[in-house]
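701 is the number that our numbering gives to position 37 of the sequence shown; each next residue is one higher, with no gaps.
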Amino acid sequence: MARVFSGIQPSGGMHLGNLLGALRNWVAYQHDHDAVYCVVDLHALTTAPDPAELRDNTMAAAAMLLSVGIDSDRSTLFVQSSVGEHAELAWMMECTVGFGELRRMTQFKDKSDRSEFVSAGLFTYPALQASDILLYDTDLVPVGDDQRQHIELCRDIAERFNRRYGETFVVPAHVIPEAGARVMDLQNPGDKMSKSLESAGTVGVLEEPDSVTRKFKRAVTDSDNEVHYNPDTKPGVSNLLGILASATGRTPESVADDYAQYGPLKADTAEAVNELLSPIRERYAELSSDPGEIARVLAAGADKARTVAAATLNRARDNAGLIPRSPA
Ligand code: AMP
Ligand code: TRP
């Protein structure tokens, strides 16, 4: 069975972009793939979150993954820092990736432009991400469009390591969903939807239905009052069409044919999104009352992950000329 790996940062509430761009695909893969999913708390450290918040957000992210339908009997679900191999292989990845390659990463440019303090970890973030992926002999990495560049770099790193030291890693491919790959901000449809959940442009997965409906009602469109799909000339309307299409399993073009006005399009999109979110909210509330269960799932997941990761790390260490950690 092909292996799928993906990760998500524990950085506060999840939004509709995470759900449509990534998490829904993760759920689909677990039926016919060997799926490994990870809450990447070490990546979150790159921006020095408050410790108590990081801890809470890590558990909340795990609860969210279980709520959207990740099934711990089918998939391996764990927290990155629980498997020490990630940080260790990341060093080897840092020694394989070029400074110039890291400097070209657009996510680094965006994030460093917005931060007062730019950690070295923020710069080497893609090396840790490559470590995450390569440790599990991953074939496929389902992510949203914004991660394309990181996965391409991961492939380059794997190929370079394999050339330098002999066949060590499986070279992975990314998979980006057709609909939902880029959910845009409802107020600024030129920007992708992102974490700040207080914003009127972001829809949280756990947001109350009334608030979701209000945000869609106020979504920015344009003044030519025609419904058709063209993300370049009609970003706001196209974003609504994309969301409704993704929520209902259709294409944005065919959805556009059903509407002549913006009002009904907004109302139907809000309704479809609320329908998608309501069972997730319910499961999340149930799970939140049982933190012991989440901890048990994560501990079992980390044990399973460690077995695979340790074998890959040993192969990489050995091929690169590091001596065995303990006598065989
Ligand atoms: P992040 O929240 O940045 O950790 O991203 C977690 C996953 O959600 C990644 O696979 C991203 O590509 C995906 N993602 C984040 N924001 C969006 C968005 N606005 N539209 C589609 N996918 C997204
Ligand atoms: N960098 C990814 C993001 O911001 C999260 C991530 C970390 C990831 N490690 C990964 C995604 C490995 C896919 C595979 O969304």
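By construction, the Cβ of each residue, glycine as well, lies at the ideal position given by its N, Cα and C atoms.
Item, Value
"What do you get for Phe772, buried or exposed, if any count of 16 or more other CB atoms within 10 angstroms of its CB means buried?", "buried"
"Expressed to the nearest angstrom, what Euclidean distance is found between the alpha-carbon atoms of Leu822 and Glu816?", "Checking the sequence shown, residue 822 turns out to be Ala, not Leu. Those two C-alpha atoms are separated by around 10 Å."
"Less than 8 Å between C-beta atoms, sequence neighbours within five positions excluded: which residues of the same chain meet that for Ser918?", "Ala909"
"Within the chosen definition, does the segment 725-734 reach the segment 745-758 through at least 3 CB pairs nearer than 8 Å?", "no"
"Comparing alpha-carbon positions, which option in Val668, Asn682, Phe763 lies nearest Pro674?", "Asn682"
"For the ligand TRP, is there a heavy atom less than 7 Å away from the beta-carbon of Val869?", "no"
"Round the Cβ separation of Pro806 and Ala686 to the nearest angstrom and send it over; I've been treating them as touching at under 8 Å.", "6 Å"
"Classify Trp755 as buried or exposed, calling it buried when 16 or more other Cβ atoms lie within 10 Å of its own Cβ.", "exposed"
"Just list the residues that DSSP pairs Thr933 with in beta bridges.", "None, per the DSSP bridge assignment."
"Assuming Leu977 and Leu799 make a contact with CB atoms under 8 Å, what is their CB distance in whole Å?", "7 Å"
"For Tyr893, which three-state DSSP category applies?", "coil"
"Look at the alpha carbon of Asp803 and the alpha carbon of Val835, and state the distance between them as a whole number of angstroms.", "7 Å"
"Quick one: is Cys759 buried, meaning 16 or more other Cβ sit within 10 Å of its Cβ, or exposed?", "exposed"
"On the criterion of 16 or more Cβ atoms from any shown chain inside 10 Å, does Asp849 qualify as buried, or is it exposed?", "buried"
"Who are Arg1029's beta bridge partners in DSSP?", "Summary: the structure shown does not reach residue 1029, with the chain confined to residues 665 through 992, and so no result is reported for it."
"Would you check if there are 3 or more beta carbon pairs closer than 8 Å linking the segment 739-749 to the segment 698-705?", "yes"
"Straight-line CA distance for Glu780 to Tyr789?", "17 Å"
"Got a sec: does the ligand TRP put a non-hydrogen atom nearer than 7 Å to the Cβ of Ile672?", "yes"
"If you follow the alpha helix (DSSP H) that His750 is part of, which residue opens it and which one closes it?", "749-758"
"Since I believe Val747 is in contact with Ala949 (beta carbons under 8 Å), could you give me their beta-carbon distance rounded to a whole number of angstroms?", "Contact doesn't hold; Cβ gap of about 29 Å is too wide."
"If you reduce the DSSP assignment to three classes, tell me which class Met769 lands in.", "coil"
"Would you list the one or two residues that DSSP bridges to Leu741?", "Tyr701"
"Under 8 Å Cβ to Cβ from Ala712, same chain only, skipping five residues before and after it: list those, please.", "Phe781, Ser783"
"Would you check if the segment 898-912 and the segment 930-939 touch, i.e. whether three or more CB-CB distances between them fall below 8 Å?", "yes"
"Between the alpha carbons of Asn938 and Arg947, how many angstroms are there, rounded?", "14 Å"
"Starting from Pro713, trace the alpha helix (DSSP H) in both directions and tell me its first and last residue.", "Here Pro713 belongs to no alpha helix (DSSP H), and DSSP marks it neither H nor E."
"Closer than 7 Å to a non-hydrogen atom of the ligand AMP - does that hold for the CB of Lys856?", "yes"
"Count the other C-beta atoms from every protein chain shown that fall within 10 angstroms of the C-beta of Phe763, then say buried if there are 16 or more, exposed otherwise.", "exposed"
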